[in-house]
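Notes for the one structure printed next.
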Ligand SMILES: CC(C)(COP(=O)(O)OP(=O)(O)OC[C@H]1O[C@@H](n2cnc3c(N)ncnc32)[C@H](O)[C@@H]1OP(=O)(O)O)[C@@H](O)C(=O)NCCC(=O)NCCS
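Residue numbers (this note's numbering): 205 to 433.
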C-alpha cells in the first residue's frame, strides 16, 4: 500500500500571519494528497470535539502536521498518522528524554551493512546505546516523528509518547528508514523520508481496498513557488 504524503513548504513568518500561512499550506498539502490518493474532494476537514481528524466520504481518512517552514498531509482509506520536523530547526528533546534505554539500544543501522558477515559491526551497533554518533539529529527526529505518527493514527495524545516503543534497529537507506514502533500491543513499521530539510513520518494500518500488506511512503514536495502559480 503506497500512500502519497505531501510536504508543502511554508514561508518563515512569525506571529499570527505565520500561523495562518502554515495552516493554508497544510490545507494545500491535504488537497494535493487527496488528489494523488484518488479520494473524493476534501471540502471540509472533519474533526471530533478534541480537534482530532475523523473519516470523511466512505471511510477516507486524513492526517496532518506542521512545523515552522512546512506542513504535511496524507489521505487514505485506512487509519493513518503523519508528523514532520525541521532538520535545521529541531524542536524535539534529546532521545533519552522520550525513549527508554531498551529502545535506544536499537541504534540505527547504516545500509549497506551485511549482517550475515559483519558480526563485529553488528556487535558494535548493539553496544552503542544512545551514542550521539548513532542517534544523530536526523535519527532522533525520525524516532520522535515515528512516535507522533503512531499517536495520531491511534488518536491518542502526547501523554502516550513513552508508551510507543522502538522495538528493532532502524535500517537507513539514504534519507529513508523504517522504524518498528509498538503501541498498545500492535507493532507497525513506520516509514520515514527526508526532503527539503524536513523529516517526515507515516504510520498506517492495512487498507482492505489495497493490495499488499506493506505501507510505503510516497513523498511529494509542494514547493512554495509552485503554490503561487
Ligand atoms: C496530536 C499531537 C500529538 C500533535 O502534536 P503537535 O506537535 O502539537 O502538532 P502537529 O503539527 O504534529 O499536529 C497537529 C495536527 O494533529 C492533528 N491532531 C490533533 N489531535 C489529534 C489526535 N488526538 N489524534 C490524531 N490527530 C490529532 C490535527 O490535525 C492537528 O492539526 P490541525 O489542528 O491544524 O488540523 C498533540 O497535539 C496531542 O497530544 N494532542 C492530543 C490532545 C491532547 O492530548 N491535548 C493536551 C491536553 S492537556
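Ideal Cβ placement from N, Cα and C applies to all residues, glycine included.
Residues bridged to residue i [DSSP beta-bridge criterion]
{"i": "residue 290", "result": "402"}
{"i": "residue 380", "result": "377"}
{"i": "residue 260", "result": "264"}
{"i": "residue 208", "result": "422"}
{"i": "residue 387", "result": "390"}
Distance between residue j and residue i (C-alpha atoms, nearest Å)
{"i": "residue 387", "j": "residue 367", "result": "6 Å"}
{"i": "residue 275", "j": "residue 305", "result": "31 Å"}
{"i": "residue 353", "j": "residue 394", "result": "8 Å"}
{"i": "residue 269", "j": "residue 277", "result": "7 Å"}
{"i": "residue 205", "j": "residue 381", "result": "16 Å"}
{"i": "residue 419", "j": "residue 259", "result": "19 Å"}
{"i": "residue 294", "j": "residue 311", "result": "20 Å"}
Buried versus exposed call for residue i [16 or more other C-beta atoms within 10 Å across all chains shown]
{"i": "residue 267", "result": "buried"}
{"i": "residue 216", "result": "exposed"}
{"i": "residue 218", "result": "exposed"}
{"i": "residue 299", "result": "buried"}
{"i": "residue 343", "result": "buried"}
{"i": "residue 362", "result": "exposed"}
{"i": "residue 255", "result": "exposed"}
{"i": "residue 146", "result": "Missing from the structure shown is residue 146; the chain here goes from 205 to 433 and no further."}
Cβ-heavy atom distance, residue i to ligand 1, below 8 Å
{"i": "residue 255", "result": "yes"}
{"i": "residue 273", "result": "no"}
{"i": "residue 362", "result": "yes"}
{"i": "residue 355", "result": "yes"}
{"i": "residue 304", "result": "no"}
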